[in-house]
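Worksheet for the structure shown next.
Protein chains: 2
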Amino acid sequence: MAAAQKHRQAIIDAAVDLFRRQGYSGTGLNDVVRASGAPKGSLYHYFPHGKASIAEAAVLEAGTRVADTVRELSGKAASTGDLVKSHAQLLAGWMTKSGWKDGSPVTTVILEMAPENDAVTEAGRQVFAAWRREIQNHLVTDGFDDLRAERLAFLCTAVIEGALVQSRVEKSGQPLLTASEELAQLLAAAAKQQPITLPPTAGSPG
Amino acid sequence: MAAAQKHRQAIIDAAVDLFRRQGYSGTGLNDVVRASGAPKGSLYHYFPHGKASIAEAAVLEAGTRVADTVRELSGKAASTGDLVKSHAQLLAGWMTKSGWKDGSPVTTVILEMAPENDAVTEAGRQVFAAWRREIQNHLVTDGFDDLRAERLAFLCTAVIEGALVQSRVEKSGQPLLTASEELAQLLAAAAKQQPITLPPTAGSPG
Numbered sequence: 001m002a003a004a005q006k007h008r009q010a011i012i013d014a015a016v017d018l019f020r021r022q023g024y025s026g027t028g029l030n031d032v033v034r035a036s037g038a039p040k041g042s043l044y045h046y047f048p049h050g051k052a053s054i055a056e057a058a059v060l061e062a063g064t065r066v067a068d069t070v071r072e073l074s075g076k077a078a079s080t081g082d083l084v085k086s087h088a089q090l091l092a093g094w095m096t097k098s099g100w101k102d103g104s105p106v107t108t109v110i111l112e113m114a115p116e117n118d119a120v121t122e123a124g125r126q127v128f129a130a131w132r133r134e135i136q137n138h139l140v141t142d143g144f145d146d147l148r149a150e151r152l153a154f155l156c157t158a159v160i161e162g163a164l165v166q167s168r169v170e171k172s173g174q175p176l177l178t179a180s181e182e183l184a185q186l187l188a189a190a191a192k193q194q195p196i197t198l199p200p201t202a203g204s205p206g
Numbered sequence: 207m208a209a210a211q212k213h214r215q216a217i218i219d220a221a222v223d224l225f226r227r228q229g230y231s232g233t234g235l236n237d238v239v240r241a242s243g244a245p246k247g248s249l250y251h252y253f254p255h256g257k258a259s260i261a262e263a264a265v266l267e268a269g270t271r272v273a274d275t276v277r278e279l280s281g282k283a284a285s286t287g288d289l290v291k292s293h294a295q296l297l298a299g300w301m302t303k304s305g306w307k308d309g310s311p312v313t314t315v316i317l318e319m320a321p322e323n324d325a326v327t328e329a330g331r332q333v334f335a336a337w338r339r340e341i342q343n344h345l346v347t348d349g350f351d352d353l354r355a356e357r358l359a360f361l362c363t364a365v366i367e368g369a370l371v372q373s374r375v376e377k378s379g380q381p382l383l384t385a386s387e388e389l390a391q392l393l394a395a396a397a398k399q400q401p402i403t404l405p406p407t408a409g410s411p412g
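Quick note, the sequences are listed as chains A and B, same order.
At position 95 of the first sequence the residue is numbered 95 (the working numbering), and the sequence of numbers has no breaks.
Take the position in the second sequence, starting the count at 1, then add 206; the result is the number in the working numbering.
In structure tokens:
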């Protein structure tokens, strides 16, 4: 990675970490520069619009990480319920390790800045859409039709996002684990009730 | 209400409104005083610990409103699924009216301040517990046993909280409505599968 690109990425990574712990307004530009290790003068070079454009980049970066994580977990999950449970377990583990300081930078920054800041609002929209797409794909594999899968993806992502806030105040993974386990149980029951569509058999008689 | 109590309440109400739109760090004490109409000097009289104690009071106030709202909706709802749907509809309506500026002051303030600030963290814990209690009561009425109702209450509250963030970036009630409708459908199917426990019949023969 070229030095310029490296500094830009270091600034974004530092912003993701800081926003996750203390939000957008609570984080000063000096904190971001200091944590990033990038030269002080470089910040406005990479982000000419200053802090708001760093927030946009941080939301997109955090969103890419969420989608990557969910895609990776998806490959190992037997069902969407398993996928949501394993995501909840992972988040609970990360939060425990951080002393319950880490939240979701996406949620915090969005609640502070959307809908006034168009770029951050649009970044948030892209992040949730990418996350839902991963969930939706797995729901189709479970046997749900496209429309139901699209709708259930809103439910599954909302559960993780909302339970994370409760885990933070409880300083416990229990809300994340309980909400995801109950969702998995409801989804498993609903998947069983789906009509099974067999693919047309090539070369079948008649 | 005595004048003193009236000013205190006006400060809390103004803080709830402002934190909901722009978060804790993004709101100055002067903004709160100005919006409240309370005498400038009165703020430290009512809140000697300053902004952090206003945040604590605002989280508790917002939480009381949530629990009151859910209790009122609960009286008219035929099932917990109906209750969650009507709550989602109400929130979607309020958010539309505010131009999608209103979020949840509870979530925003918690994500900014918990777990570092013990009083706010504890206030957040109380708010979610009171909200879950209302949901849990309705789940028991639906026929779920106490343990399952307690666990499902984490799921139901997480769905509303998480979908609200997605509605804010979409500037649309659709995520709230879709997530709550899908949850209601899953809950209705699960409620049907609960074993029906009949109360012992007094004076039955034998």
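In this text, a Cβ means the ideal position worked out from N, Cα and C, and glycines have one as well.
* What separation, rounded to the nearest whole angstrom, lies between the Cα atoms of residue 194 of chain A and residue 143 of chain A? -> The residue given as residue 194 of chain A occupies position 194 in the first sequence. The residue given as residue 143 of chain A occupies position 143 in the first sequence. When rounded, the distance between both Cα atoms is 7 Å.
* To do: List the endpoints of the continuous alpha helix (DSSP H) containing residue 138 of chain A.
  => Residue numbering aside, residue 138 of chain A sits at position 138 when the first sequence is read from its first letter. Secondary structure note for residue 138 of chain A: its alpha helix (DSSP H) is the uninterrupted segment 118 to 141.
* To do: Taking residue 216 of chain B as part of the alpha helix (DSSP H), name the residues at either end of that continuous run.
  => For this step, residue 216 of chain B is matched to residue 10 along the second sequence. Run containing residue 216 of chain B: 209 to 228, per the alpha helix (DSSP H) assignment.
* Indicate whether the contact test is met: 3 or more Cβ pairs, each with one atom in the segment 114 to 132 of chain A and one in the segment 367 to 375 of chain B, closer than 8 Å. => Contact between the segment 114 to 132 of chain A and the segment 367 to 375 of chain B is present, because at least three Cβ pairs lie under 8 Å.
* **chain B within 8 Å of residue 97 of chain A, Cβ atoms only** => Position 97 of the first sequence, counted from the start, is the residue given in the question as residue 97 of chain A. So no, residue 97 of chain A is outside the interface.
* When you compare only the Cα positions, how much space is there between residue 341 of chain B and residue 357 of chain B? -> Residue 341 of chain B sits at position 135 when you count from the first residue of the second sequence. Residue 357 of chain B sits at position 151 when you count from the first residue of the second sequence. A straight-line Cα-Cα distance of about 10 Å links residue 341 of chain B and residue 357 of chain B.
* Asked: Who are the neighbours of residue 347 of chain B on chain A, taking C-beta pairs under 8 Å?
  -> Counted from its first residue, the second sequence places residue 347 of chain B at position 141. What residue 347 of chain B touches in chain A: nothing, since even the nearest Cβ is about 18 Å away.
* Just to confirm, does residue 89 of chain A get its C-beta within under 7 Å of one of the non-hydrogen atoms of the ligand MN? -> As far as ligands go, the structure on display features none, and thus does not contain the ligand MN.
* Asked: Candidates A:12, A:28 and A:131: which alpha carbon is nearest residue 84 of chain A's?
  -> The residue given as residue 84 of chain A occupies position 84 in the first sequence. Minimum Cα distance to residue 84 of chain A is reached at A:131.
* With distances taken from CA atoms, which of B:322, B:386, B:257 and B:212 is nearest residue 234 of chain B? -> The residue given as residue 234 of chain B occupies position 28 in the second sequence. For residue 234 of chain B, the closest alpha carbon among the candidates B:322, B:386, B:257 and B:212 is that of B:257.
* To do: Could you tell me which chain B residues have their CB closer than 8 Å to the CB of residue 100 of chain A, listed as they occur along the chain?
  => Numbered from its first residue, the first sequence carries residue 100 of chain A at position 100. Per Cβ cutoff of 8 Å: 320 and 321.
* Rounded C-alpha distance that separates residue 138 of chain A from residue 69 of chain A -> The residue given as residue 138 of chain A occupies position 138 in the first sequence. The residue given as residue 69 of chain A occupies position 69 in the first sequence. Across the structure, residue 138 of chain A and residue 69 of chain A are spaced so that their CA atoms are roughly 14 Å apart.
* Asked: With residue 158 of chain A and residue 385 of chain B assumed to form a contact (beta carbons below 8 Å), what rounded beta-carbon distance in angstroms separates them?
  -> In the first sequence, residue 158 of chain A corresponds to position 158, counting from 1. In the second sequence, residue 385 of chain B corresponds to position 179, counting from 1. Going by Cβ atoms, the distance from residue 158 of chain A to residue 385 of chain B rounds to 5 Å, so yes, they are a contact pair.
* **Cβ pair residue 266 of chain B, residue 241 of chain B closer than 8 Å** => Your numbering for residue 266 of chain B matches position 60 in the second sequence. Your numbering for residue 241 of chain B matches position 35 in the second sequence. No.
* Quick one: using the 10 Å Cβ neighbour count with 16 as the cut-off for buried, is residue 410 of chain B buried or exposed? => Sequence index remark: in the second sequence, residue 410 of chain B carries index 204 (1-based). Low per-residue confidence applies at residue 410 of chain B: pLDDT is 49, beneath 50, and the placement is therefore not dependable, though the value from the model is reported in the following sentence. Residue environment for residue 410 of chain B: exposed (fewer than 16 other C-beta atoms within 10 angstroms of its C-beta).
* Asked: If you follow the alpha helix (DSSP H) that residue 352 of chain B is part of, which residue opens it and which one closes it?
  -> In the second sequence, residue 352 of chain B corresponds to position 146, counting from 1. Where residue 352 of chain B is concerned, the enclosing alpha helix (DSSP H) stretches over 352 to 376.
* Asked: Are three or more beta carbon pairs between the segment 239 to 253 of chain B and the segment 208 to 226 of chain B nearer than 8 Å?
  -> Contact between the segment 239 to 253 of chain B and the segment 208 to 226 of chain B is present, because at least three Cβ pairs lie under 8 Å.
* To do: Identify whether residue 184 of chain B lies in helix, strand or coil by the three-state DSSP scheme.
  => Outside the modelled stretch of chain B, which goes from 207 to 412, sits residue 184 of chain B, for which no answer is possible.
* **CB contact below 8 Å: residue 22 of chain A versus chain B** => The residue given as residue 22 of chain A occupies position 22 in the first sequence. Closer than 8 Å: yes.
* Ordered along the chain, which non-local residues of its own chain (more than five positions away) have a Cβ less than 7 Å from that of residue 237 of chain B? -> The residue you call residue 237 of chain B lines up with position 31 of the second sequence. Cβ neighbours of residue 237 of chain B beyond the five flanking positions: 224.
* Taking Cβ-Cβ distances shorter than 7 Å, what residues in chain A pair up with residue 309 of chain B? -> Here the question's residue 309 of chain B lines up with position 103 in the second sequence. For residue 309 of chain B, the C-beta contacts it makes with chain A under 7 Å involve 111, in order along the chain.
* Any chain B beta carbon closer than 8 Å to residue 74 of chain A -> Residue mapping note: residue 74 of chain A aligns to position 74 of the first sequence, counting from 1. Chain B contact via Cβ: absent.
* Residue-level contact to chain B via CB, residue 86 of chain A, 8 Å cutoff -> What you label residue 86 of chain A is simply residue 86 of the first sequence in a count that begins at 1. By the rule that beta-carbons nearer than 8 Å mark a contact, residue 86 of chain A does not touch chain B.
* For residue 396 of chain B, collect the residues of the same chain with a Cβ closer than 7 Å to its Cβ; drop the 5 residues on either side in sequence, then sort them by chain order. => Start at 1 with the first residue of the second sequence, and residue 396 of chain B comes out as number 190. So no residue of the chain qualifies.
* What number of angstroms, rounded off, separates the C-alpha of residue 165 of chain A from the C-alpha of residue 7 of chain A? -> Here the question's residue 165 of chain A lines up with position 165 in the first sequence. Here the question's residue 7 of chain A lines up with position 7 in the first sequence. Residue 7 of chain A has its alpha-carbon roughly 32 Å from the corresponding atom of residue 165 of chain A.
* **Interface positions of the segment 43 to 60 of chain A facing chain B (Cβ-Cβ less than 7 Å), listed along the chain** => Hits within the stretch: zero.
* Given a cut-off of 8 Å, decide if residue 335 of chain B and residue 346 of chain B are closer than it, judged by their beta-carbon atoms. => For the purposes of this step, residue 346 of chain B is taken as the residue at position 140 of the second sequence. For the purposes of this step, residue 335 of chain B is taken as the residue at position 129 of the second sequence. When the beta-carbon positions are compared, residue 346 of chain B and residue 335 of chain B stay at least 8 Å from each other.
* Count the other C-beta atoms from every protein chain shown that fall within 10 angstroms of the C-beta of residue 249 of chain B, then say buried if there are 16 or more, exposed otherwise. => What you label residue 249 of chain B is simply residue 43 of the second sequence in a count that begins at 1. Its Cβ being crowded by 16 or more others within 10 Å, residue 249 of chain B is buried.
* Asked: Would you call the CB atoms of residue 161 of chain A and residue 107 of chain A closer than 8 Å?
  -> Here residue 161 of chain A is taken as the residue at index 161 of the first sequence, counted from 1. Here residue 107 of chain A is taken as the residue at index 107 of the first sequence, counted from 1. Yes. Within cutoff.
* **Limits of the unbroken alpha helix (DSSP H) element including residue 300 of chain B** => Looking up residue 300 of chain B in the second sequence gives position 94. Unbroken alpha helix (DSSP H) run through residue 300 of chain B: 286 to 303.
* Neighbourhood of residue 231 of chain B by C-beta distance below 7 Å, restricted to the same chain and skipping five residues each side -> On the second sequence, position 25 is the one that residue 231 of chain B refers to. By the criterion of a C-beta distance shorter than 7 Å, residue 231 of chain B is surrounded in its chain by 318, once the five residues flanking it on both sides are discounted.
* To do: Assuming residue 268 of chain B contacts residue 379 of chain B (C-beta within less than 8 Å), just tell me the rounded distance between them.
  => The sequence position of residue 268 of chain B within the second sequence is 62, counting from 1. The sequence position of residue 379 of chain B within the second sequence is 173, counting from 1. Between residue 379 of chain B and residue 268 of chain B the Cβ distance is about 20 Å, and since that is not below 8 Å, they are no contact.
* With 16 other Cβ atoms within 10 Å as the buried cut-off, status of residue 82 of chain A -> Here residue 82 of chain A refers to the residue found at position 82 of the first sequence. Residue 82 of chain A is buried by the Cβ-count criterion.
* **Residue-chain proximity (residue 410 of chain B, chain A), Cβ-Cβ < 8 Å** => Residue mapping note: residue 410 of chain B aligns to position 204 of the second sequence, counting from 1. A caution first: residue 410 of chain B carries a pLDDT of 49, below 50, which makes its placement in the model unreliable, though a value can still be read off. Chain A contact via Cβ: absent.
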